[in-house]
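Heads up: the structure comes next, in structure tokens.
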RNA sequence: CGGGGUGUAGCUCAGUCUGGUUAGAGUGCUGCGUUUGGGACGCAGAAGUCGCCGGUUCGAAUCCGGCCACCCCGACCA
């Protein structure tokens, strides 16, 4: 196909909008791929929609390849389905009423609706089933940001599997994992599949697909490539502290006015990694002491996991009541509250608060001086060592481009989706759900494929194959070149606008098609064109008569 | 929801503190001419309810009050 730029709605911008921060946000807006309508609500302009649909088609092909069936479910959803699964109360759910006050949901995923249909599955003979659709999702996001990375409305490919049992679910899960790997590979996106939190989806296990880039997740990877995890569940091995000489029993030392770890470590002349930090919290009305090493931070997500429930920091009054001391002087020794200690504190003797204002204890040892439940509650830090190989761990921002869940019977139970198994017994369908965001994928690709001049689209998702730049007076030769490329099957963007060469080249760099062909006055002399690769900037001269597909 | 910031031409911004001709610049846009392989130049021109509502004042983009929108940080979250 041949598309003339002079007839396209292609309002490229010389400058990025003032409020853009992320690179993908700036370049996609400048290149006329997208425009913002409202906070977190975006229009795909013609060029951007072509990219989106390229990504969609790749996803579609890989989903079909694992035997999934495409369908389409509505956005408007009766609230009763969401009430049944208990998700109606989630604050991020968009809710509305019709003229008769009937309640509806604009869903963020379609578990309820698909399971409504799955009730038509009657027999084990009809299993397994894998169904998917591409549909608009709504999310009352508290803080949209960064262009396409965090939005309130977006199109998602979500698929759902139903199996007889755990084994079948595992098979469906692995099929999706494989399909996702192939999808991101075809998009030339560097992605790490990591174990993740299931959040509001529920279920037993989930895997996140994180693409390094300006996103809201933090990816932890080992320099040797054998470990990758989301920061919220990552395990790292902290450095070994320099312990002072061991003591037979804790020894109280006066630390007047000293409340921070740095100050304690300096006053007592010990490694801050040989101290402990007490983080008193209140969960379900009771005080619990979270204990991490002095140089570590308490990871709130892991703490919730360890406690099995949400918590909040204790107030100063609650601290004084439970520990009988000021917040800067509390510790695990001789207290009545439950102590949840980080694994890093299992071995060795540490400095801890004495539960006596202005005093600390040296030589405090877990098991001997206090009892604690050990858990992984520290936040992984840059420079920790890898739990697999001892290599250095690295932290980087990443975009979550896909997330797959083993939901088990989380939705089939409340919605009563059952089947009759071979043994004649009625059983609950075992379910999985698998999401991927084409727009986020698109943004992540830009994060990973760009330079100072603009985007460098991978061939697989580029909106057109060839950017054909025509310089004045060469219109007919350009038409000839375009026709030739079109015959060879390439999609051609023909820049026939009445602009200067410099502007056309700058726009070509910004828009970022993989190949640029220039028809200029030199062509009149030798009948050849310049072919330039966007990725490498290398240029070669090829006679028009020798031109074939440049894909 | 808490903290901070910004709303003036399509875009990027000055002007607001210290109220006072007809509200400005760059870029973009229109026309004419010269140019034409990396965002050219000249001339002429179009374009703004100064976010909205109210108040103070002889007079408000500017001061006061309220509201709205957008951005950033945090909380939350995929």
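Residue numbers (my numbering): 1245 to 1795.
Where is the CB? At the ideal position from N, CA and C, for every residue including glycine.
Check	Outcome
Alpha-carbon spacing of residue 1327 relative to residue 1347, whole angstroms	11 Å
For residue 1354, the three-state DSSP class (helix, strand or coil)	coil
Beta-carbon separation (whole angstroms), residue 1408 vs residue 1665, contact threshold 8 Å	6 Å
Backbone secondary structure at residue 1712 - three-state DSSP	strand
Residue 1651 vs residue 1661 beta-carbon contact at 8 Å	no
Residue 1571 in three-state terms, based on DSSP	helix
Length of the line joining the Cα atoms of residue 1351 and residue 1319	7 Å
Residue from 1622, 1583, 1600 and 1715 with nearest C-alpha to residue 1615	1583
Spatially closest choice to residue 1493 from 1365, 1544 and 1594, by CA coordinates	1594
Residue 1772: first and last residue of the uninterrupted beta strand (DSSP E) it sits in	1772-1777
Whole runs of the beta strand (DSSP E) within the segment 1688-1737, excluding any shorter than 3 residues	1710-1714
Contact between the segment 1601-1614 and the segment 1636-1643 (3+ Cβ pairs under 8 Å)	no
Sheet register partners of residue 1461 (DSSP bridge)	1642
Buried or exposed (CB count within 10 angstroms, at least 16 for buried), residue 1298	buried
Spatially closest choice to residue 1394 from 1300, 1283 and 1355, by CA coordinates	1283
Check whether residue 1618 and residue 1366 have beta carbons under 8 Å apart	no
Residue of 1246, 1474, 1425 and 1388 minimising C-alpha distance to residue 1678	1425
Between the CA atoms of residue 1642 and residue 1796 - distance to the nearest angstrom	The structure shown does not extend to residue 1796, since the chain spans only 1245 to 1795, so no value can be given for it.
Spatial neighbours of residue 1292 in its chain, beta-carbon cut-off 6 Å, leaving aside the 5 residues before and after	1277 and 1278
Separation of residue 1396 from residue 1840, as counted between CA atoms	Within the shown structure, residues of the chain are numbered from 1245 to 1795, placing residue 1840 beyond reach of any answer.
Spatial distance of residue 1725 from residue 1434 (CA atoms)	35 Å
Cα-Cα separation between residue 1576 and residue 1523, rounded to whole angstroms	10 Å
Per DSSP, the bridge partner or partners of residue 1466	1637
Ordered list of beta strand (DSSP E) runs contained in the segment 1543-1616, each at least 3 residues	1582-1586, 1593-1597 and 1603-1609
Rounded distance between the beta-carbons of residue 1705 and residue 1689, thought under 8 Å	6 Å
Nonlocal neighbours in the same chain, by C-beta distance under 8 Å from residue 1504, ignoring five residues either side	1572
Rounded Cβ spacing between residue 1763 and residue 1721 (contact assumed at less than 8 Å)	5 Å
Close-in-space but distant-in-sequence residues of the same chain around residue 1247 (CB under 8 Å, 5 per side omitted)	1708, 1735, 1736, 1737 and 1738
Proximity to residue 1559 [Cα-Cα], best of 1340, 1527 and 1630	1527
Cβ neighbour criterion (16 or more within 10 Å) applied to residue 1355	buried
Whole-angstrom distance between residue 1285 and residue 1324, CA atom to CA atom	27 Å
Beta-carbon gap between residue 1454 and residue 1644 smaller than 8 Å	yes
Cβ-Cβ separation, residue 1470 to residue 1632 (assumed contact under 8 Å), whole Å	5 Å
Contiguous alpha helix (DSSP H) assignments of at least 4 residues, all confined to the segment 1293-1360	1323-1329
Residue 1423 - DSSP class collapsed to helix/strand/coil	helix
Residue 1303 vs residue 1680 beta-carbon contact at 8 Å	yes
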